[in-house]
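Going by our numbering, the sequence shown opens with residue -16, and the numbers climb by one from there.
To start, the structure itself, in structure tokens.
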Amino acid sequence: MLNNILSSEIKNSVVIGIQARISSQRLPRKALMPIKETTILGATISRCLASDLRTYVLTSNQVEDDLIENESKKYKVSGVLRGSLANVLSRYKNLEKQTKAKYIIRVTADNPFTDTLGIINLANQTLNNNYLYLRNLEEDLPIGYHSELFNSKELYKPYNNNDLAKEHVTYSIKKNVKISYAQSLNYGFNKINLKALECSIDTKNDYLKAINLIKNINSNQCFESLNLTKKIFLNIKNQK
């Protein structure tokens, strides 16, 4: 049985960094689009805060991203750190310097259904282990619900000196270290379930799907629920 409680040791060594920006070419300002009683960004923040880990929003120093900072400060984030728009990797380096965290869990702001239990699962696996890169099993969660954990020292390795690593953060880490997988979440989803649930918001259709996935879920503490993924699954089953 998975442990959903985080020790103080883990809380001190693991932080969450949510990367966010206003400038999206395919769906401009998507981070601030409404969903239930919040925004896409607000929902993502709430999913992370529900883990009880320190959560930071990492955005750019562009004036337009003042909107990201303002929205983030409506929630109990540990901080909003700003840096290069193009070099997202440098924002995570700044997070490490500010927090001295051994591990960082990376989340992107276009994934409002990021699984909180998945985050907790990753964090708990670090106790008495020394992972370089860790994620939940691919078959455990749909696309858009995953997060990833890495040892913060990997941010400073020479292999990151390329444009893809600077943009995608873990691109070169995954190519150069062992990829480890956490204990199964045991949600029991099959391939059909995973396809029905998947949702990462890049287009208008993705956004409309997100709205539909939670349309019958009570707005009260929707995104704060540890069991939101299961609630969404039951919601789509009941729609058939």
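All C-beta atoms, glycine included, are put in the ideal place defined by N, C-alpha and C.
Since we're looking at a predicted model, the values are computed, not measured.
Check, Outcome
"Tell me, to the nearest whole angstrom, how far the beta carbon of residue 81 is from that of residue 64; I am working on the premise that it is less than 8 Å.", "6 Å"
"Could you tell me if residue 122 is buried or exposed, where buried requires 16 or more neighbouring beta carbons within 10 angstroms of its beta carbon?", "exposed"
"According to DSSP, is residue 89 part of a helix, a strand, or is it coil?", "strand"
"Excluding the 5 residues preceding and the 5 following residue -7 in the sequence, name in chain order all residues of the same chain whose CB lies nearer than 7 Å to its CB.", "106, 107, 109 and 110"
"Below 7 Å CB to CB, which residues in the same chain sit around residue 189 once its five sequence neighbours on both sides are set aside?", "182 and 183"
"Anyone know if the C-beta pair for residue 156 and residue 133 falls short of 8 Å?", "yes"
"Could you please give me the residues that DSSP links to residue 236 through a beta bridge?", "The shown model of the chain, from -16 to 223, leaves out residue 236, and the question about it has no answer."
"Using the three-state DSSP reduction, which class does residue 61 fall into: helix, strand or coil?", "coil"
"How would you write the range of the beta strand (DSSP E) that residue 45 sits in, first residue to last?", "Run containing residue 45: none; DSSP gives neither H nor E here."
"Hey, would you say residue 31 sits closer than 8 Å to residue 71, going by beta carbons?", "no"
"Identify, in the order they occur along the chain, each residue of the same chain with its Cβ nearer than 8 Å to the Cβ of residue 76, setting aside the five sequence neighbours on each side.", "138 and 139"
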